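Notes follow the structure.
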């Protein structure tokens, strides 16, 4: 998992923060930080996501690039960016430019 910087420009929905604080053992401040972290996590662009995942998967050393490209395409399909399904070539272009 990667570390995410919290963007102070993002204003979490106060109702969501209150709900999270009420339904968990988190304080209001901790609930707000949690929501900000989730928002920052999903704020990653598709190219940044593809490049980060490629580095992470290569560092694990268990998969060949062709397998990595397929995995990144599958993971990207489940992320909240508006993209059509990616081909292996598109994934390579996102990674290498």
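Residue numbers (this note's numbering): 1029 to 1125. Note that beta-carbon positions come from the ideal geometry of N, C-alpha and C, so glycine has one too. Quantities reported herein were computed from a predicted structural model and do not represent experimental measurements.
Just mark residue 1089 as buried or exposed, buried being the case when its beta carbon has 16 or more other beta carbons within 10 Å. When all chains shown are included, residue 1089 counts as exposed.
Are the CB atoms of residue 1077 and residue 1117 within a distance shorter than 9 angstroms? Judged by beta-carbon spacing, residue 1077 lies beyond the 9 angstroms limit of residue 1117, meaning their Cβ atoms are not closer than that value.
For residue 1075, does the three-state DSSP call read helix, strand or coil? helix
Spatial neighbours of residue 1097 within its chain, please: CB distance less than 6 angstroms, with the 5 preceding and 5 following residues excluded, ordered by chain position. 1116 and 1119
Leaving out the 5 sequence neighbours to the left and right, which residues in its chain are closer than 6 angstroms to residue 1075 when beta-carbon positions are compared? 1122
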